[in-house]
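Counting from 88, one number per residue, gives the positions in the sequence shown under my numbering.
The block underneath contains the structure these notes are about, expressed in structure tokens.
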Amino acid sequence: MAQAQKGICAEANLHAQYLMFNVIDDDAQVIRAKLAHILNVFEHYDEEHYEAMVSGVIAIGSSYWSELYPGLLPLELAPFPDMQCEDRNAPVTPCDIFIQIRADRADVCFAIGCEVCELLKGHVELFEEIKGFRYLDGRDLMGFVHANGNPKGMRKFDVAIVGDEDPDFRGGSYVHVQRYRSNIGSWQRLPLKQQEDIMGRSKEDNEPLSAEDIAPYAHTKRSAAEDICGKPIELLEQSMPYGDMSTKGLLFVSLANSPKPFTSMLTSMIFGDQNGNYDKLLDYTFAETGAAFFAPSLTFIKANKDL
Ligand code: HEM
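Structure, rendered in structure tokens:
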């Protein structure tokens, strides 16, 4: 039975450390062994600081996967979808290895991040590091409660984790990451009613707007994708706000048993419906990066460390 990485379906935490690496040598064997070692680091900190609820995810970039695990390819692994419509776009910025560290203590995230970097030293270049944090009562920096629509309980596992449809990659997950930067100033100048129309939810008490009241350009409307039979399709979001006094945004992280939910949602947000109703949230928040990954199961990483 393939065991998924603990961080895939873990509950939300107070802090996150996101690390993006590109591999600079061609010694895939060393990287495979080091990734297995990183799992031990996650486990060690989880045991030492059990109150911090540590979890981690190791995800391999779509363009680096075949170099790392030649001859073994997750069925649906594909590059990040390149989309552009008018001034809305989803830039593609490939990355070889994405490490997500989450815990309820910032110092523990930091300590794990340092160990990961030390382990990979000489083999990779760290080109992006972002600290995510829980903001107020689970809001994004635009002031709305976030990730409320996530699947709950056991449903999380069905949505996020590959099952029998791809037996060699059971327990894995397709991961998409985008760094969004928000124009908080112009967002805050909008009247409350307009912000709520754009989000499709009320701000204070986080109630969904009724079907009659929801605008076709609302974020929750545009991201509510359906399959060809009209059945809702879902993903698991683990996004967190990040920022400082000058730059503010959301590190969007989604996990699913296929890349399709993410691609359909993003297509609907950027291109809109047949009447041109795109997601108006994109007038206030802009994707600056975008990369696609596969997070293999724990079992896969350990079994292939000496490939
Ligand atoms: C900066 C970018 C984004 C912000 C600030 C944002 C914010 C929000 C907020 C406040 C909600 C309502 C609460 C909730 O249900 O989580 C929401 C819902 C949702 N968002 Fe986003 N989001 C962003 C990007 C995205 C992207 C890129 C996708 C997918 C490609 C996405 C997919 C969803 C989905 C599926 C829901 C649930 C819709 C429902 O209620 O059924 N979001 N988002």
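C-beta: ideal position from N, C-alpha, C; glycine also.
For clarity, every value in this text was computed on a predicted model and none was experimentally measured.
For residue i, the first and last residue of its enclosing beta strand (DSSP E)
i	result
K243	Segment R242 to A247 is the alpha helix (DSSP H) holding K243; no beta strand (DSSP E) there.
S351	That residue, S351, is in no beta strand (DSSP E); its alpha helix (DSSP H) goes K347 to F358.
T334	No beta strand (DSSP E) contains T334, which DSSP labels as neither H nor E.
A374	T372 to A374
I217	V211 to F220
A382	A378 to A382
Burial state of residue i, where buried means 16 or more other Cβ atoms lie within 10 Å
i	result
P161	buried
D169	exposed
S273	exposed
G219	buried
G240	exposed
H131	exposed
D114	exposed
T334	exposed
M88	exposed
G336	buried
Alpha helix (DSSP H) segment containing residue i, residue limits
i	result
V203	A193 to L207
E134	A115 to E135
H102	Note, H102: premise wrong, no alpha helix (DSSP H); beta strand (DSSP E) at H102 to V110.
K308	H306 to R309
DSSP-derived helix/strand/coil call for residue i
i	result
E299	coil
G363	coil
A390	helix
G94	helix
L322	coil
What are the uninterrupted segments assigned as alpha helix (DSSP H) that are 4 or more residues long and contained completely in the stretch 222-295, given in chain order? The stretch 222-295 contains these whole alpha helix (DSSP H) runs: 242-247, 271-275 and 279-286.
Counting only runs of 3+ residues fully inside the stretch 139-195, write out the beta strand (DSSP E) ranges in chain order. Entirely contained in the stretch 139-195, the beta strand (DSSP E) runs reaching 3 residues are, in chain order, 142-148, 170-172, 175-177 and 184-190.
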